[in-house]
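Data block below; observations after.
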Amino acid sequence: GSSLTLSASGSFYNTDNLACVLIGTDRILVAYGARRSSVPAIDHIKLSLLDVSGSSPVLITSLKHTAPLIPMGPVIVSMDRLDSNSAIITYGGGATGEYSSARVRVSEDNEIFIDNENNNLGKFGTQYVDCAALDANNIILAVRGANTYLDTRLLEVSS
Numbered sequence: 024g025s026s027l028t029l030s031a032s033g034s035f036y037n038t039d040n041l042a043c044v045l046i047g048t049d050r051i052l053v054a055y056g057a058r059r060s061s062v063p064a065i066d067h068i069k070l071s072l073l074d075v076s077g078s079s080p081v082l083i084t085s086l087k088h089t090a091p092l093i094p095m096g097p098v099i100v101s102m103d104r105l106d107s108n109s110a111i112i113t114y115g116g117g118a119t120g121e122y123s124s125a126r127v128r129v130s131e132d133n134e135i136f137i138d139n140e141n142n143n144l145g146k147f148g149t150q151y152v153d154c155a156a157l158d159a160n161n162i163i164l165a166v167r168g169a170n171t172y173l174d175t176r177l178l179e180v181s182s
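With the sequence shown counted from 1, adding 23 to any position gets you the working numbering.
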């Protein structure tokens, strides 16, 4: 097999970490931060859908989602699978240190949609944000808070 390089294009560059989940049986959804280097700087979450049914991954489509983050500092991304066609993504960072979450759906014709976005759920202090799907409609968020305490939150996301 061969490898596939995912990168932000044009005046964007990749930030910090990435997260991925299996969608269906042969597609992987990858999420990572992308920051525009030109002025004004803007943070985005880049989502890429890959076909992994063969010996080499193939990029199917990508979506660039403008994140409600003020650039500066790292962009931290976490993701977990909700069901065979959707995932929950949690991201945070930037100058304000706020975190948000959204449901990401992949259609049968491989389009990526973002819905049920919850912006600015709170602040985190030590660059840790994670999420876990309890079932297809409920997630738990874990965030290292501004004063280093652990902040957890249960969210319901509708289909």
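Note that CB positions come from ideal geometry on N, CA and C, so glycine has one too.
As the structure is a computational prediction, the values presented were derived from the model and not from experiment.
>> Less than 6 Å between C-beta atoms, sequence neighbours within five positions excluded: which residues of the same chain meet that for residue 104?
In response: As a working mapping, residue 104 is identified with position 81 in the sequence shown. Taken in chain order, the residues that qualify are 44, 110.
> beta strand (DSSP E) containing residue 155: first to last residue?
Replying inline: To locate residue 155, count along the sequence shown from 1; it is residue 132. Its beta strand (DSSP E) spans residues 152 to 156.
>> Could you tell me which whole beta strand (DSSP E) segments of length 3 or greater appear in the segment 67 to 141?
In response: Runs found: 81 to 89, 98 to 106, 109 to 116, 121 to 129.
> Just checking my contact of residue 100 with residue 112 at CB under 8 Å: how many whole Å lie between their CB atoms?
Replying inline: Start at 1 with the first residue of the sequence shown, and residue 100 comes out as number 77. Start at 1 with the first residue of the sequence shown, and residue 112 comes out as number 89. That belief holds up - the Cβ atoms of residue 100 and residue 112 are roughly 7 Å apart, short of 8 Å.
> How big is the Cα-Cα spacing for residue 183 and residue 71?
Replying inline: Outside the shown range of the chain, which is 24 to 182, sits residue 183, and nothing can be said about it.
> Residues in its own chain within less than 8 Å of residue 130 by CB, not counting five upstream and five downstream?
Replying inline: Here the question's residue 130 lines up with position 107 in the sequence shown. Hits under 8 Å: 108, 136.
>> Applying the 10 Å Cβ sphere with the 16-neighbour rule, what's the burial state of residue 172?
In response: As a position in the sequence shown, residue 172 is number 149, starting the count at 1. Classification for residue 172: exposed.
>> Distance check for residue 151 and residue 176, CA to CA, integer angstroms please.
In response: As a working note, residue 176 is residue 153 in the sequence shown. As a working note, residue 151 is residue 128 in the sequence shown. Spanning the two alpha carbons is a distance of roughly 14 Å.
> Looking only at C-alpha atoms, which of 157, 116, 162 sits nearest to residue 125?
Replying inline: The sequence position of residue 125 within the sequence shown is 102, counting from 1. Nearest neighbour of residue 125 by Cα position, chosen from 157, 116, 162, turns out to be 162.
> Apart from the five residues just before and just after residue 76, which ones in its own chain have a Cβ nearer than 6 Å to its Cβ?
Replying inline: Numbered from 1 along the sequence shown, position 53 holds the residue referred to as residue 76. The residues are 49.
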